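Protein chains in written order, with UniProt numbering: chain S, 1 to 1006; chain X, 1 to 457. We treat Cβ as the ideally placed atom computed from N, Cα and C, and that holds for glycine. This structure is a prediction, so every number in the text was calculated from the model and none was measured. So the structure is just underneath, and the comments pick up after that.
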């Protein structure tokens, strides 16, 4: 967090209140409240304005030293007024500024200029889930992104907003299609099961399941099943904290192994009701296209292929060169079909205000974007949020409510057209006839736009609500109850209408099919807690005890309807000739835990933090449902030692370390049960049931032991602040299907395997304040993460189903490939190393090249510049990695190729990088092409540097008081520097790369 | 003070909230699953668990129409296979099976999965409190029959294999081989139990679930293979004597229809209108086919043999003529199913008794049974006189009568000690170690107690 742009545009106001909420809910203030206040007879009204020297500062807390309940807050123009006595001293506190002590001294008007304080960032309280902790005093590893960084990004997914901004958090966007998902790995892959590495998401204290809500039959536009995370509106988020090490995650026990993502929504602030409206509009385009052949090169390749194969006549179906199609046509199919522009519109509004004791915030948002495809496709998203906080007159009872309802409505082509356009010959026919109908060119091609008739639609409604009640029983003892509820409903459909077929085949709506997936998920959680706080010796002891009871029910209904009287009735299952239920299930997940934390803070110098959790989960069988996790964390703030306190250059110094255990229970529900499940197969009039699995009730949690050492240093009043953390996480007791001999009836059994995965790494962050003048401010944030992943042990790997996926001593994310030797100059065919010289290439014997596809390092560089009313913020994201290329298949068949393939072998003696063209008759070349695609030749440099985000804003000089108007221009993914040629270095082959987006908007606050 | 007490009471209540019983994390079953115990407290669900095994036998593994009936036909001298060299079927045709062969692995795994399901049913029914004794007997009898059936085929393909009688994976994953003799002892015990538990009637009527006589028919075969000829003859007689249930269909074209009186047990198709996998694979309407009867086999029939005209069909493309098995007449769906996959039929019982009687010296009885089959096929009485002649005639007759039915030719040649003699003449890749299949390599890797590999692999 940076103090400069922070002050601009009321965001400071939000943050202040956020801070205020934390402060007020902690016991520091609560316990200091004095019971008896002496009435002071000489009280009078004091007023004034607060500025930073040039601009007024709204939201500054003004209190009287030594008097509780005396605080007030400056308004939008920086004005304040309060009752004070002549002998009083005012305490003015504002985040990002040095706290000022101003004696009243018989004055009635007191104007104050606050001084910027970069060190104040160390005083921010960060959310650690069940408790908050001062940044300078935390013992755990917590990364943080706040609203000021989130708001400037034109993104709809919360994970997109975090990309490149946090050390140790590796996020990749899977597709540029709206509503698509992101991969997130916090400090690497811990579990051998690739689908069991998600962090735990907690929104305002309510765990939010990220388990997919899509199905294989319907989520076809995306590389993976639809994720519920799109339901969260990033613009409603105040802060995101990512908990990484044992000290921070052990209190989340069995669900903390892969890290914890805490999302805190914006809260109301006291004072005059203020309104904020922002609206933006923008455009998105695909970041990159493949460099494919033009017609001339393509036809030359085709002709050569026929010559190479010794064929003298073109085939009947070789429409591209046998004269059926115009050989002078040229269409860049990628530009034609994927080159469109996505229109983006976004509106946000909020009202916030309240009294000293009760505050509220009401927010609403609407987002709409079209796709880059031709046709009427769009993604709509809207939502409303309400937050209410209340504290009783005696400050003992507190109440906080936050509720959000989000609705998404998505309509897309049923699959990503990127997968087909790259193969269309560049001299392919026109898309449309003169009358605007699809051109089928007499049945000689499959018009790619036919696929637009097959639609994907989804509607998701999602409710998240949470209430926290707390009561201060004694001065230092508070009880608290947190009650959360989530309710998600989604309907996802995919149609395959008869109109995707050429009309000459007379396929009627009788052949049309719809797949429908209804998934509902609801959960509730109750978390009672007790907080106890007291001084002990020269230090302070904080104790927290709590419990969790959670219940989650997911129900699914997958249906297939086939044969409709009309395609316009395709969304009506009752109009289908036959309806088949392919899956109907309801699963329940129950979870119970007790947790505790004890924190001892000796003079803010030596801090010891102990956390523990005892967890019970319905995912495990009797006797294995409960397990205990715990961690110890310690910090030494050596800069507060007397011998360093006066140091001119060292302003902050801390060493912290932690060690502890967390678990992973992402194995799906009911795996321990001894059950029969329906097969759907009929025999003798009875639908069969079969044993679901081998019965093993004896498996338990994966255990992740985390160790971390970190050093945090601040120099020159923290204008240079750097942190370095080293970690080592070892995940053992891996839950996998252990291979079994067939005589057991099954090939494997779900069980804990004595396999161990290690993630080790170093994370560095650097924050510098380069300029800090009144008019010009410039600060820089940099983070970089080096990570290494290694499979330490895996007994029986050879005979297991993982034998061709993993190698001991290697990272989990490896590809096992053939060794490519080059093109044989005589035959023109690719050659590979045949290690056992048996004349055959077999995976088991000859695939020996291990390609490590994990990033070597990754990170981000952010700069924030403010000059008077302008501010500029930009973020470069970078990743150093190897990536597989994406060969387009056999060169010479009727399918387009990369432009680089022009450089192929032509005649004996050639030394070319690509092999001989063939129409498929050269069997050696066909086979070699297949091996090529799984050989070391396909491993290339996939590193990139990307201008992930750029935002420019200008605060209009308005004469109106209490009104603020800002013009904002935001860009995402605008520039990418990479050597990778086969598409976007971040995307998955065959799917749309992330879009580059630019939007312009206005924000009005009054 | 009063205030403080109230507060302490609040606190105590709050603490009580924290202490709850472990039962909170117990969940109800998902909609699509049934608790193991619950399955066997209800006859309908227990039946579903049982009949699902028949679906699996029909759809997967050895006894699927594309399993033994096809592959052992081309492994021996019944059929020629014309598939690409990389096709798994070609490995059978060329007698070059490997321990890594995916088909071998599949048959093995599927077989033991079916055995697991049968054992699970036996254990479940045993512990059931609500099922009636009669229902228990029915279910256990069928499960024992299934267990014996699968093990029977396994031992004849793979030699000494583990005879698995429980579901505990801890034991089954380390199980050693069972000697062939002990396997036969187990088969006999299981089938005797099954036949004592099963009813004499069929339910449902279409003979799609085994009854007492199905168990005895398999028992007759098992005794015969185990050279217990008296018992084999007795069991076959027990079946043959059920003239109220069974009789030879005089018309050969009726033998494989759903309502054939000759059928002892058949596997029902999954959906109405479906016919057999065998039909869809054996029958072709234009050449060249992927699978055709060998000329040698087709020419071995005498011209008068009705089986040649009724059970074999020819297809020609002007230059070449190919033959296919035509016992099943339907290669695709019909409005209502007309054929199911027949596993046991009466003709085999006549031939079993004939062979047993021949071994026992009852040559007259043997000839009588043999002639029953010959007469239906339009052939005259056998001319075989001596015991050896009669046994050879029976082997020959079995070839004509039972071709394309699961594994008979291979097992018969093996039993008669004629494998090398007959096959090395027509199969260039044949060697005598091909009489048993290799144990799948993964199986040996996972369970070293099964070592060593069968000879020759």
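Interface with chain X (8 Å Cβ-Cβ cutoff): residue 584 (chain S) is included. DSSP, read as helix, strand or coil, puts residue 448 (chain S) in helix. Residue contact with chain S for residue 268 (chain X): present (Cβ-Cβ distance below 8 Å to some residue of chain S).
Assignment of residue 213 (chain S) by DSSP, reduced to helix, strand and coil, places it in the coil class.
Annotation: residue 374 (chain X) to residue 367 (chain X) spans about 10 Å, alpha carbon to alpha carbon. Going by C-alpha positions, residue 73 (chain X) is about 26 Å away from residue 743 (chain S). Within chain X, the residues whose beta carbon sits less than 9 Å from that of residue 746 (chain S) are 109, 112, 113, 116, 169, listed in sequence order. Contact annotation, residue 310 (chain X) with residue 252 (chain X): C-beta distance approximately 4 Å; criterion of less than 8 Å satisfied. The C-beta separation of residue 394 (chain X) from residue 370 (chain X) comes to about 6 Å, placing the pair in contact by the 8 Å criterion.
If you compare the alpha carbons of S:277, S:817, S:640 with that of residue 845 (chain S), the shortest gap goes to S:817. Contacts between residue 24 (chain X) and chain S, judged by CB atoms closer than 8 Å, involve 549, 590, 592, 616 in chain order. Distance between residue 444 (chain X) and residue 451 (chain X), taken at the CA atoms: about 6 Å.
Taking a cut-off of 8 Å on C-beta distances, the segment 905–916 of chain S does not touch the segment 441–453 of chain S, as fewer than three cross pairs fall below it. Of the candidates S:75, S:141, S:70, S:141 places its Cα closest to the Cα of residue 728 (chain S).
Neighbours of residue 162 (chain X) in chain S, taken as residues whose beta carbon is under 7 Å from its own, are 743 in chain order. If you draw a straight line from the Cα of residue 88 (chain X) to the Cα of residue 299 (chain X), it comes to about 28 Å. Not flagged as an interface residue toward chain X: residue 843 (chain S), since no C-beta distance is shorter than 8 Å. In its chain, beyond the 5 residues on either side, 164 have a beta carbon closer than 6 Å to the beta carbon of residue 172 (chain X).
Put simply, of S:405, S:359, S:872 the residue whose alpha carbon is nearest the alpha carbon of residue 392 (chain S) is S:359. Listed along chain S are 584, 585, 586, each with a C-beta nearer than 7 Å to that of residue 31 (chain X).
Residue S:463 holds the alpha-carbon nearest to the alpha-carbon of residue 382 (chain S) among S:463, S:326, S:371, S:319.
Residue 229 (chain S) is not a Cβ neighbour of residue 113 (chain S), given a cutoff of 8 Å. For residue 560 (chain S), no chain X residue has a C-beta closer than 8 Å to its own C-beta; the minimum C-beta separation is roughly 16 Å. If the five residues before and after residue 328 (chain X) are omitted, its C-beta is found closer than 6 Å to the C-beta atoms of 256, 276, 278, 279, 339, all from its own chain and listed in chain order. Under the three-state reduction of DSSP output, residue 57 (chain X) falls in the helix class. Residue pairing from DSSP places residue 702 (chain S) in a beta bridge opposite S:664. Around the beta-carbon of residue 142 (chain X), 16 or more other beta-carbon atoms lie within 10 Å, marking it buried. Below 8 Å, enough C-beta pairs join the segment 131–150 of chain X and the segment 182–199 of chain X to call them touching: three or more. With the criterion set as a beta carbon lying under 8 Å from some beta carbon of chain X, the members of the segment 666–700 of chain S are 669, 670, 673, 674, 675, 676, 677, 678, 679, 681, 682, 683, 684, 685, 686, 687, 688, 689, 690, 691, 692, 694, 695, 696, in sequence order. Chain X has no Cβ within less than 8 Å of the Cβ of residue 711 (chain S). Against residue 792 (chain S), chain X offers no close residue; the least beta-carbon distance is about 22 Å (beta-carbon pairs closer than 9 Å). In the structure shown, the three-state DSSP call for residue 985 (chain S) is coil. Residues of chain X whose Cβ lies closer than 7 Å to the Cβ of residue 740 (chain S) are, in chain order, 169, 173, 446.
At a cut-off of 8 Å between beta-carbon atoms, residue 202 (chain X) makes no contact with chain S. Residue 590 (chain S) sits close to residue 551 (chain S), with the two beta carbons spaced by under 8 Å. With 16 or more other Cβ atoms inside 10 Å of its own Cβ, residue 789 (chain S) counts as buried.
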